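*Asks:* Add 342 to a position in the sequence shown, counting from 1, and you land on the number used in our numbering.
Let me give you the structure first, and then I'll get to my questions.
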Amino acid sequence: MPDKLFNSNIMLAAASQPFVWQEHTREIITTALLSMVPTFEGRYAVTVALGMGMPPVFSYLLALVCSSIPIPFILLLLRPVLDWFYTLPIKPVQSFAAWLERHAAKKRAAMNEKNQKGLRGRFSADTAELLALYIFVALPLPGTGVWTGSAIATLFEMPRGKAALAILLGNMTACLITTLAATGVLAIV
Numbered sequence: 343m344p345d346k347l348f349n350s351n352i353m354l355a356a357a358s359q360p361f362v363w364q365e366h367t368r369e370i371i372t373t374a375l376l377s378m379v380p381t382f383e384g385r386y387a388v389t390v391a392l393g394m395g396m397p398p399v400f401s402y403l404l405a406l407v408c409s410s411i412p413i414p415f416i417l418l419l420l421r422p423v424l425d426w427f428y429t430l431p432i433k434p435v436q437s438f439a440a441w442l443e444r445h446a447a448k449k450r451a452a453m454n455e456k457n458q459k460g461l462r463g464r465f466s467a468d469t470a471e472l473l474a475l476y477i478f479v480a481l482p483l484p485g486t487g488v489w490t491g492s493a494i495a496t497l498f499e500m501p502r503g504k505a506a507l508a509i510l511l512g513n514m515t516a517c518l519i520t521t522l523a524a525t526g527v528l529a530i531v
């Protein structure tokens, strides 16, 4: 209990001081870098930023922008990297690439089968995949997010532009959910 009280006092003290971005460069850089780390990403960097005394809107926007930077790189470079893995004379690397592609093909086939059974023509298979990708990225859970969503989009061979938009919208939603939860807005609702 005393630790919790101490932590809340630190948060209140940090929030009561004015935030001048020129004086808080270290906090901004920390948040920006944490936003780009796989599995941590923007949704968790927001809580760190708020804990360091950054305003909620600034924290949200900084984490969102910085966590969105890897999207085009993953969408454009994962396929060439996997193709390069096949050319390496290292058997475990080749096996990993083959396993990853087989696993993705099985998951995509299972998803398409469920789409044909459950949605009965309400959505096309492409739309259902993009909607599932958005939901996957939007849920602020460990293992879901921009990095994993971009990898899935590449392995499922989704159209890059549409996939990037679904991932970006999912990232916006995940960062917003985390920001609202960290600031206590969701506790009121």
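Ideal Cβ positions, reconstructed from N, Cα and C, are used throughout, including at glycine.
Just so we're clear, the structure is a prediction, and the values are computed from it rather than from any experiment.
(1) Pick from Phe427, Ile432, Gly395, Val379: whose alpha carbon is nearest that of Pro412?
(2) Mapping the DSSP letters down to three states, classify Glu499 as helix, strand or coil.
(3) I need the straight-line Cα distance from Val399 to Met453, nearest angstrom please.
(4) With 16 other CB atoms within 10 Å as the buried threshold, where does Pro501 fall?
(5) From Gly384, Glu365, Leu376, pick the residue whose C-alpha is nearest to that of Leu481; which is it?
(6) As a quick exercise: from Ile432, Pro431, Glu455, Phe427, pick the residue whose alpha carbon is nearest that of Glu443.
(7) Tell me the rounded alpha-carbon separation between Ala495 and Phe415.
(8) Using alpha carbons as the reference points, say which of Phe382, Val527, Tyr386, Ser401 lies closest to Ile370.
(9) For Val435 and Lys449, what's the separation of their Cα atoms in angstroms?
*Replies:* The short version:
(1) Taking the sequence shown and counting its residues from 1, the one referred to as residue 412 is at position 70. Comparing Cα positions, the closest option is Val379.
(2) Your numbering for residue 499 matches position 157 in the sequence shown. DSSP places Glu499 outside both helix and strand once states are collapsed to three, so it counts as coil.
(3) As a first step, residue 399 is located in the sequence shown; it is residue number 57 there, counting from the start. As a first step, residue 453 is located in the sequence shown; it is residue number 111 there, counting from the start. Those two C-alpha atoms are separated by around 37 Å.
(4) Here the question's residue 501 lines up with position 159 in the sequence shown. Pro501 sits exposed, since fewer than 16 C-beta atoms from the chains shown fall within 10 Å of its C-beta.
(5) The residue given as residue 481 occupies position 139 in the sequence shown. The shortest C-alpha separation from Leu481 is found at Gly384.
(6) The residue you call residue 443 lines up with position 101 of the sequence shown. In terms of CA proximity to Glu443, Phe427 leads the group Ile432, Pro431, Glu455, Phe427.
(7) Here residue 495 corresponds to residue number 153 of the sequence shown, with the count starting at 1. Here residue 415 corresponds to residue number 73 of the sequence shown, with the count starting at 1. Straight-line Cα distance between these residues: approximately 12 Å.
(8) Walking along the sequence shown from the start, residue 370 turns up at place 28. Ranked by Cα distance from Ile370, the first of Phe382, Val527, Tyr386, Ser401 is Ser401.
(9) Translated into positions along the sequence shown, residue 435 becomes position 93. Translated into positions along the sequence shown, residue 449 becomes position 107. Between Val435 and Lys449, the C-alpha separation is close to 21 Å.
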